[in-house]
Amino acid sequence: MKKMLALVLIVLMVSVSAYIVYARKLPSITGNQRTAFKTMLKNYFHPVLHGYGIGFTADTYVTAKWHITNVRILATNRIKNIISGSNTTDWSQVRAEIQNALQDEGTLIKKGRIRIGKTNYLLTNIEVSNSTASADIKTIPNYTACKKVNTSAEDCENNSEKVGDITVTKKTNAIEEATADPRVWGGILNFNNIEYTFVTFAYPRW
0 MKKMLALVLI VLMVSVSAYI VYARKLPSIT GNQRTAFKTM LKNYFHPVLH GYGIGFTADT
60 YVTAKWHITN VRILATNRIK NIISGSNTTD WSQVRAEIQN ALQDEGTLIK KGRIRIGKTN
120 YLLTNIEVSN STASADIKTI PNYTACKKVN TSAEDCENNS EKVGDITVTK KTNAIEEATA
180 DPRVWGGILN FNNIEYTFVT FAYPRW
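Numbers 0 to 205, taken from numbering that gives the first Met the number 0, label the letters of the sequence shown in order.
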């Protein structure tokens, strides 16, 4: 989740920097103000589910560590409008205006990451309930390249390459329920055109 927070912070600060020309009354943003933005954003990250497990076939296996988080986001155009329309010279006031907009207008979405072997991937199209979870697996895009062509981070992720998907269900067999570990979930991990039986420990944060 820390990496995801850092990524969203970077996206926000890139947006702030990109639109600074529209807010000439504002001074250069300081390190303390960047830290204050990061602290504020932490309030909009709520862990939902995380775990680690192994996918296997008769011939091979992969390890995976994954997490899903609820994130409240605000369109970059809205951030631009807040900065360009601000009459203040104080970044603290701008931050307060962005925070109010996040609370009143922000969209709640699910973000996720999965580390398969030694490589990190996106989880997108995420669906989660008390006993199931599913998502598509995509490569992490080049956000810097997307920024250069004015592509939003969201569109950048939507256009990234799909390399698989994952579906897991909590093990709740009535006969085994008394002795089964409630953290054990199982399902299918499709990755690079290989279908793995996937068994994972899962830790909900409802």
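C-beta atoms are modelled at their ideal positions from N, C-alpha and C, and glycine is treated no differently. Only a predicted model underlies this, so the values are computations on that prediction, with no experimental measurement involved.
Check: Per DSSP, the bridge partner or partners of Y120; Outcome: I113 and T138
Check: Span separating the alpha-carbon of V215 from that of V127; Outcome: Nothing about residue 215 can be reported from this structure: the residues present for the chain run from 0 to 205 only.
Check: Nearest to S27 (by Cα), restricted to the options D89, R182 and T106; Outcome: D89
Check: C-beta neighbour in chain B for K109, strict 7 Å; Outcome: Judged by its chain identifiers, the structure shown contains no chain B, having just a single protein chain.
Check: Reduced DSSP category for A201 - H, G, I as helix; E, B as strand; rest coil; Outcome: strand
Check: DSSP bridge partner residues for L188 (one or two, in chain order); Outcome: I165 and Y195
Check: Endpoints, the beta strand (DSSP E) within which R71 is located; Outcome: Y60 to I72
Check: Beta-carbon gap between G50 and T199 smaller than 7 Å; Outcome: yes
Check: DSSP-derived helix/strand/coil call for E126; Outcome: strand
Check: Nonlocal neighbours in the same chain, by C-beta distance under 8 Å from G105, ignoring five residues either side; Outcome: Y43, R71, I72 and L73
Check: Nearest neighbour of D135, chosen from K161, K64 and N76 [CA to CA]; Outcome: K161
Check: Cβ contact check for the region 31-43 and the region 112-122: 3 or more pairs under 8 Å; Outcome: no
Check: Residues near I125 by beta carbon distance below 7 Å, same chain, minus five either side; Outcome: I67, K109, G111 and A134
Check: Span separating the alpha-carbon of N215 from that of I115; Outcome: With the chain represented from 0 up to 205, any question about residue 215 goes unanswered, as that position is not in the structure.
Check: Own chain, CB closer than 7 Å to T206, minus 5 neighbours either side, in chain order; Outcome: With the chain covering only 0 through 205, there is no way to say anything about residue 206.
Check: Inter-residue spacing [alpha-carbon to alpha-carbon] between P181 and T131; Outcome: 13 Å
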